[in-house]
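Novice: Submitted below is the structure of interest, expressed as structure tokens.
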Amino acid sequence: MEKFDIIVVGASTTGAWFARQMAKRGHSVLVIEKNEKENVSREYDIFHMPKKEMERSGLEIPSADEKDFGFTFDGGPMLSPYGNYPKKNVPAGIIGLHKHDYIMRMNKYAEDEGAKIIFGATFVDFVKDEWGKVCGAKYKTAEGEFEAEAKLVADCSGIPAVARTKMPDDSTVENYKLTPEDIFYVVIYYVVYDSPDVDPEALHASFLNYKAVWSAPSGNPRGAILGIGGNYSYAYAEEIFKQWQKNVPWPRYTVEKAERGMTPYRRSVYSFVDNGFIAMGDAGCMTKPTCGEGCTSSLVQGQIAVDVIDELLKAGKPLTRDNMWPINKKYMEAQGIAFDSMRPLLKGVVSMSFDEAEYLFKKDVIFSTKILGGGGEDLELTPADIAQLVAGIGGAVVKGKLKPATVKKIVTGLLQSMEVTNLYKQYPETAEGYWKWKEKADALWEKIGPMSDICDQEVVKRLGIK
Ligand SMILES: Cc1cc2nc3c(=O)[nH]c(=O)nc-3n(C[C@H](O)[C@H](O)[C@H](O)COP(=O)(O)OP(=O)(O)OC[C@H]3O[C@@H](n4cnc5c(N)ncnc54)[C@H](O)[C@@H]3O)c2cc1C
């Protein structure tokens with residue numbers, strides 16, 4: 001049986017990046033990827049990453065003449081449900097890339113550092129030692145079934161989480177499978193505007209109140225990507241897109257192609273690690289709460305994992321649950337608290353009707369330049385901002401523009417957000433305190449409920465979803 005320090009399952013953004021980082025630090029790495037090389041990450045073409053986040057994770061930015069380069073872009077404003085009152089974002093410096101080609105680049109960097117990648121190799125199961133501890137992986141290729149031994153198996157297989165979902169029920173890593181309630185079904189239309197007078201750049205924007213509809217560059221100077229994400233199914237997302245088309249005046253366009261894909265839309269797993277195992281990327285559910293993007297946000301945990309695991313391996317220490325526990329604690333502090341506390345708040349805010357949201361956009365309350373303009377980063381509300389917010393909400397209620405029931409939902413979201421923050425700040429320092437903490441966290445998330453609660457119930461009923 002071949003022996004490695006680490007087996008990585010999946011060679012997309014997370015797996016390729018992790019394999020490269022670990023191989024670069026001198027560890028032996030095997031990557032198994034179920035797709036053949038030419039088919040890896042073909043689900044959709046264009047994806048974006050903020051330049052700042054790429055630099056943070058050491059991701060190269062291709063030059064304009066390389067085939068994986070798409071374009072650069074500064075992001076657009078957030079608009080109200082009927083397309084008014086733009087809340088301008090600070091320029092975000094976003095890089096648009098061709099996904100398959102960029103993943104090929106990432107895989108090559110991993111191989112250059114010494115990682116071995118086998119394409120067309122599907123993870124089948126763990127190899128376990130006599131005590132039931134993970135000590136490798138079984139995988140199958142066109143040539144047959146194989147086993148390899150490793151100190152760590154890293155599940156980077158995305159939504160199916162093929163290894164995480166095989167962890168036993170008593171593992172600190174939850175083995176849940178994502179349901180349609182936990183998934184954002186994304187449909188993207190590559191459109192070309194019928195009139196040459198349309199300036200696509202001037203139209204780029206996002207519409208939070210539809211949970212996510214956006215216009216972004218496609219690489220075609222006369223076109224754009226119009227995207228939509230929704231829970232439950234692609235059919236649900238497409239219905240919401242039709243609502244947006246009805247509500248927001250938009251220049252005529254022709255759809256040249258459409259692509260579909262899924263991204264997790266739920267809290268992360270509470271613990272990523274167990275003996276000989278780690279869940280990373282979409283397999284651990286670390287996508288951004290506002291838009292479901294996960295390529296760079298996953299690497300926040302990735303970087304922490306690289307540092308902790310590298311140190312353990314260099315010190316000759318085993319990759320046990322206890323030794324790797326700091327990955328969980330550090331991730332919560334670095335990003336987990338911010339991401340997962342935003343989810344209930346978003347539920348509260350986005351549950352309001354389009355008319356209510358339109359009014360608040362107009363009055364710069366909640367959907368204000370101050371709150372939306374920073375792209376969610378470094379938002380600090382002063383006591384004066386909070387007083388203004390409360391007065392704005394009160395004024396809207398008095399004028400009959402905001403229902404008291406909506407205010408209740410927003411306040412509930414805010415309180416639950418604070419509860420998540422407080423509980424996650426008490427995340428156990430060691431694995432010993434995990435089960436007690438998990439009990440409290442389970443009860444809290446049960447109360448919060450899934451993001452799909454804020455779906456349009458009329459559409460849900462019409463499509464026979466519930
Ligand atoms: C339409 C769409 C647009 C998006 N746009 C953006 C964007 O612009 N920016 C952004 O940051 N995020 C974006 N996202 C989210 C992003 O795609 C994911 O967060 C990201 O791809 C997660 O990377 P990953 O490596 O963890 O998982 P994945 O990209 O899902 O990769 C998992 C890999 O594991 C392999 N695999 C699966 N099962 C097995 C198995 N049994 N054995 C071996 N290998 C296996 C798969 O073939 C795949 O290569 C978008 C998502 C969608 C659907």
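If you use the working numbering, the sequence shown corresponds to residues 1 to 466, in order.
Glycine included, every Cβ here is placed at the ideal spot set by N, Cα and C.
These figures come from a predicted structure and were not determined experimentally.
1) Confirm the yes/no value for this check: CB of His27, any heavy atom of ligand 1, distance under 8 Å.
2) Could I get the ranges of all uninterrupted beta strand (DSSP E) runs contained in the segment 46-113, with 3 residues as the minimum, in chain order?
3) What number of angstroms, rounded off, separates the C-alpha of Thr421 from the C-alpha of Lys347?
4) Going by DSSP in three states, Ile32 sits in which element: helix, strand or coil?
5) My output table needs one value for Glu256: the three-state DSSP class, helix, strand or coil.
6) Can Lys177 be considered in contact with ligand 1, in the sense that its beta carbon sits closer than 8 Å to one or more heavy atoms?
7) Which residues in the same chain as Trp244 place their Cβ atom closer than 6 Å to its Cβ, once the five residues preceding and following it in sequence are excluded?
8) Would you grab the beta carbon distance between Glu2 and Ala148 for me? Rounded to a whole angstrom, and I think it's under 8 Å.
9) Start and end of the beta strand (DSSP E) containing Thr320?
10) So Ile366 is in the alpha helix (DSSP H); what residue range does that whole segment cover?
11) Using CA atoms only, rank isn't needed, just tell me which of Tyr234, Pro62, Pro251 and Phe207 is closest to Gly223.
12) Does at least one heavy atom of ligand 1 sit under 8 Å from the Cβ of His48?
13) Between the segment 171-184 and the segment 36-48, are three or more C-beta pairs nearer than 8 Å?
14) Straight-line CA distance for Gly230 to Lys314?
15) Please determine, among Thr290, Ala64, Ser271 and Ala431, the residue with the shortest C-alpha to C-alpha distance to Thr263.
16) Nearest to Trp131 by CA position, among Gly400, Met352, Tyr331 and Asn275, is which residue?
17) Helix, strand or coil for Trp214, going by three-state DSSP, please let me know.
18) Do Arg266 and Met451 have their C-beta atoms within less than 9 Å of each other?
19) Asp65: which of Asn84, Ala92, Glu53 and His98 sits nearest, CA to CA?
20) Between Cys135 and ligand 1, is there a pair consisting of the residue's CB and a ligand heavy atom that are separated by less than 8 Å?
21) Under three-state DSSP, which class holds Gly547?
22) Taking the Cβ atom as the reference point for each residue, do Phe277 and Asp182 lie within a distance shorter than 9 Å?
23) What I want to know is whether the C-beta of Asp169 ends up closer than 8 Å to one or more non-hydrogen atoms of ligand 1.
24) With H, G and I counted as helix, E and B as strand and the rest as coil, what does DSSP make of Thr290?
25) Could you check which residue in Glu113, Phe69, Phe207 and Leu312 has the C-alpha nearest to that of Asn323?
26) Hey, which unbroken runs of the alpha helix (DSSP H) at 4 residues or more fall wholly within the segment 375-409?
27) Note down, in chain order, each residue of its chain lying with its Cβ closer than 7 Å to the Cβ of Glu53, except the 5 sequence neighbours on either side.
28) Alpha carbon to alpha carbon, what distance is there between Trp325 and Gln303?
29) How long is the line joining the alpha carbons of Ala279 and Glu356, rounded to whole angstroms?
30) Flag this pair as touching only if the segment 71-86 and the segment 195-205 have three or more C-beta atom pairs under 8 Å; answer yes or no.
31) Within 8 Å: the Cβ of Pro180 and any heavy atom of ligand 1?
32) Could you name each continuous alpha helix (DSSP H) segment of 4 residues or more that falls completely within the segment 264-314, going from the start of the chain to the end?
33) At what residues does the beta strand (DSSP E) containing Tyr234 begin and finish?
34) Would DSSP call Asp125 helix, strand or coil?
35) Taking 8 Å as the cut-off, is the C-beta of Phe123 nearer than that to any heavy atom in ligand 1?
Specialist: Taking the geometry as given:
1) no
2) 46-50, 69-73 and 94-98
3) 16 Å
4) strand
5) strand
6) no
7) Tyr210 and Val213
8) 5 Å
9) Segment: none, Thr320 is in no beta strand (DSSP E) and carries neither H nor E.
10) Segment: none, Ile366 is in no alpha helix (DSSP H) and carries neither H nor E.
11) Pro251
12) yes
13) no
14) 44 Å
15) Thr290
16) Asn275
17) strand
18) yes
19) His98
20) no
21) Because the chain here runs from 1 to 466, residue 547 falls outside it and cannot be looked at.
22) no
23) no
24) coil
25) Leu312
26) 383-398
27) Thr296
28) 14 Å
29) 40 Å
30) yes
31) no
32) 298-314
33) Careful: Tyr234 lies outside any beta strand (DSSP E), inside the alpha helix (DSSP H) at Tyr234 to Asn247.
34) strand
35) yes
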